[in-house]
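> If you're matching positions, the sequence shown starts at 807 in my numbering and goes up one per residue.
The structure's right below; bear with me while I get my questions together.
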Amino acid sequence: MTEQRNNTLSATIDLKDLGTVNRLGFGAMRIVGPGVWGEPESRGTAVEVVRRAVELGVDFIDTADSYGPNISEEIIAEALYPYPDGLKIGTKAGFVRTGPDEWIPLGRPEYLRQQAELSLRKLKVDSLDLLQLHRIDPTVDAEEQFGVLADLQKEGKVKALGLSQVSVEQLEAAGRHFTVSTVQNRYNLTDRSSEDVLEYATANGIGFIPWAPISAGELAQPGGVLDDAARKLGASTSQVALAWLLKRSPVMMPIPGTGSVAHLEENLDARDLVLDDETFEAIDAAAR
């Protein structure tokens, strides 16, 4: 087994309607309070984490109106506005929050439009780089939800559109209303339930943003296959899990999130860790 490091950012991806970004980004869900609710323990630290991510070459940040709610978007603007050239910020709408760890889908067209307008204001931009439907509300006709997103794009308020936690069938349905740039489903070594969505995204050039990307369960325990690979490569199990994702598909866009600068720096080191085929396949087999 050999270790390779290349001193450059991981491979890039060209997102439809948005342009080129580095595939390892930053998820801004953890820069708010416990339960993804309220202010972080230290707003200054949260601002520092966001700034450090960009200093280290991150040019894609994922957030949502519901993180806080509102607070994550506000911290990003506080940390980075006016934004550096090339930085893309993806946000999401489609949940209403009633308390810590409480998430209620809400996809009425007027609500989605309202939240997009508020995100424009909080992020201090004239057009959102990427807006994803955070969840399809099962109580509202999906066609209406897709339709308002398409309208926002036609009006120039959004550059690119995506979906979150959807099936291949729902991706195809949305694609009849707008070009799907990204899909954001839960995917990691121990949750491969969206394998068919990943395959569809790979075949159709859609950026696949895996949430909870580092979760590895028993695979990361001492003596596990991830732990074994990490020791041989001189890396952490989290770094190996991220490197595995990056090798899994050219459209994979992991966005590990954290509220710690040290943890951020550790995560981003995964972009220079290249798994050989033998290591990748051993981890893949154990995960399956």
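Quick reminder that beta carbons are idealized off the backbone N, C-alpha and C, glycines included.
Bear in mind that the values here come from a model prediction, so they are computed numbers and not experimental data.
Which whole-angstrom value describes the C-beta separation of asparagine 1010 and lysine 928, a residue pair presumed to lie in contact below a C-beta threshold of 8 Å?
Start at 1 with the first residue of the sequence shown, and residue 1010 comes out as number 204. Start at 1 with the first residue of the sequence shown, and residue 928 comes out as number 122. Actually they do not touch by this definition, with Cβ atoms about 31 Å apart.
> Going by the beta-carbon positions, is the gap between tyrosine 887 and lysine 930 smaller than 8 Å?
As a first step, residue 887 must be located in the sequence shown, where it is residue number 81. As a first step, residue 930 must be located in the sequence shown, where it is residue number 124. Yes.
> Only counting the same chain, and skipping five residues up and downstream in sequence, which positions put a Cβ closer than 8 Å to that of lysine 960?
Your numbering for residue 960 matches position 154 in the sequence shown. Within the same chain, lysine 960 has no close Cβ partners at all.
> Mapping the DSSP letters down to three states, classify valine 1003 as helix, strand or coil.
Counting from one through the sequence shown, the residue named residue 1003 turns up at place 197. Valine 1003 falls in the helix class under three-state DSSP.
> Just the Cα atoms here: how many angstroms apart are isoleucine 1089 and glutamate 950?
As a first step, residue 1089 must be located in the sequence shown, where it is residue number 283. As a first step, residue 950 must be located in the sequence shown, where it is residue number 144. When rounded, the distance between both Cα atoms is 42 Å.
> Can you round the beta-carbon distance between methionine 1059 and isoleucine 837 to whole angstroms, since I take them to be within the 8 Å contact cut?
If you number the sequence shown from 1, residue 1059 lands on position 253. If you number the sequence shown from 1, residue 837 lands on position 31. Not a contact, Cβ separation roughly 19 Å.
> Spell out the partners DSSP gives valine 964 in its beta bridges.
As a working mapping, residue 964 is identified with position 158 in the sequence shown. Answer is Leu934.
> From threonine 988 to serine 1066, what does the alpha carbon distance come to, in whole angstroms?
By 1-based counting over the sequence shown, the position of residue 988 is 182. By 1-based counting over the sequence shown, the position of residue 1066 is 260. Cα-Cα distance, rounded: 27 Å.
> Are serine 973 and arginine 941 close, meaning C-beta to C-beta below 8 Å?
Residue mapping note: residue 973 aligns to position 167 of the sequence shown, counting from 1. Residue mapping note: residue 941 aligns to position 135 of the sequence shown, counting from 1. Against a cut-off of 8 Å, the Cβ pair of arginine 941 and serine 973 comes out as no contact.
> Which term fits threonine 1085, buried or exposed, when burial requires 16 or more other beta carbons within 10 angstroms of its beta carbon?
For the purposes of this step, residue 1085 is identified with residue 279 of the sequence shown, where counting begins at 1. Buried is the call here.
> Between the Cα of alanine 1049 and those of Ile1020, Asp997 and Ser925, spot the shortest distance and give me the residue it belongs to.
Reading the sequence shown from its first residue, position 243 is the one you call residue 1049. Among Ile1020, Asp997 and Ser925, the Cα nearest to that of alanine 1049 is on Ile1020.
> Glycine 905: buried (16+ other C-beta within 10 angstroms of its C-beta) or exposed?
Counted from its first residue, the sequence shown places residue 905 at position 99. Its Cβ having fewer than 16 others within 10 Å, glycine 905 is exposed.
> Since serine 987 is in the alpha helix (DSSP H), which residue starts that stretch and which ends it?
Residue mapping note: residue 987 aligns to position 181 of the sequence shown, counting from 1. Element bounds for serine 987: not the alpha helix (DSSP H) but the beta strand (DSSP E), 986 to 990.
> I need the straight-line Cα distance from asparagine 991 to lysine 1038, nearest angstrom please.
To locate residue 991, count along the sequence shown from 1; it is residue 185. To locate residue 1038, count along the sequence shown from 1; it is residue 232. Their Cα atoms are separated by approximately 30 Å.
> Taking 8 Å as the cut-off, decide whether the C-beta atoms of phenylalanine 901 and valine 864 are in contact.
Translated into positions along the sequence shown, residue 901 becomes position 95. Translated into positions along the sequence shown, residue 864 becomes position 58. Cβ distance not < 8 Å, so phenylalanine 901 and valine 864 don't count as in contact.
> Could you tell me how far apart the beta carbons of alanine 834 and glycine 1013 are, in whole angstroms, since I believe they sit closer than 8 Å?
Counting from one through the sequence shown, the residue named residue 834 turns up at place 28. Counting from one through the sequence shown, the residue named residue 1013 turns up at place 207. Not really, about 17 Å apart at Cβ, beyond 8 Å.
> How far does the alpha helix (DSSP H) with threonine 1085 in it extend, from its first residue to its last?
To locate residue 1085, count along the sequence shown from 1; it is residue 279. Where threonine 1085 is concerned, the enclosing alpha helix (DSSP H) stretches over 1083 to 1093.
> Less than 8 Å between C-beta atoms, sequence neighbours within five positions excluded: which residues of the same chain meet that for alanine 859?
As a position in the sequence shown, residue 859 is number 53, starting the count at 1. Within the same chain, alanine 859 has close Cβ partners Phe832, Ile867, Leu1070 and Leu1074.
> With DSSP collapsed to three states, give me the class of isoleucine 837.
Taking the sequence shown and counting its residues from 1, one reaches residue 837 at position 31. Of the three classes helix, strand and coil, the one that applies to isoleucine 837 here is coil, per DSSP.
> Is it buried or exposed, glutamate 1001, if we count other Cβ atoms within 10 angstroms and call 16 or more buried?
For the purposes of this step, residue 1001 is identified with residue 195 of the sequence shown, where counting begins at 1. Answer is exposed; the Cβ neighbour count stays below 16.
> Compare the C-alpha of aspartate 871 against each of Gly825, Ala1092, Ile895 and Ser1055 and name the closest.
Counting from one through the sequence shown, the residue named residue 871 turns up at place 65. Cα-wise, what sits closest to aspartate 871 is Ile895.
> Under 6 Å Cβ to Cβ from threonine 1008, same chain only, skipping five residues before and after it: list those, please.
Within the sequence shown, the letter at position 202 stands for residue 1008. Same-chain partners within the cutoff: Ser1055 and Val1057.
> In the DSSP assignment, find the beta strand (DSSP E) that holds tryptophan 909 and state where it starts and stops.
The residue you call residue 909 lines up with position 103 of the sequence shown. Tryptophan 909 -> beta strand (DSSP E) spans 908 to 911.
> Just confirm the distance between the C-beta atoms of lysine 963 and aspartate 935, as a whole number of angstroms; I'd bet it's less than 8 Å.
Counted from its first residue, the sequence shown places residue 963 at position 157. Counted from its first residue, the sequence shown places residue 935 at position 129. Going by Cβ atoms, the distance from lysine 963 to aspartate 935 rounds to 11 Å, so no, they are not a contact pair.
> Along the chain, where does the beta strand (DSSP E) containing alanine 899 start, and where does it finish?
Counted from its first residue, the sequence shown places residue 899 at position 93. Note, alanine 899: beta strand (DSSP E), 894 to 899.
> From which residue to which residue does the beta strand (DSSP E) around aspartate 1075 run?
As a first step, residue 1075 is located in the sequence shown; it is residue number 269 there, counting from the start. Aspartate 1075 -> no beta strand (DSSP E), and no H or E assigned at all.
> Here's a check: name, in chain order, each residue in its chain whose Cβ is nearer than 8 Å to the Cβ of glutamine 976, leaving out the five neighbours to either side.
One-based indexing of the sequence shown puts residue 976 at position 170. Contacts found: Ile942, Ala948 and Leu969.
> Under a CB-based cut-off of 8 Å, is valine 864 close to chain C?
Absence of chain C from the displayed structure is noted, only one protein chain being present.
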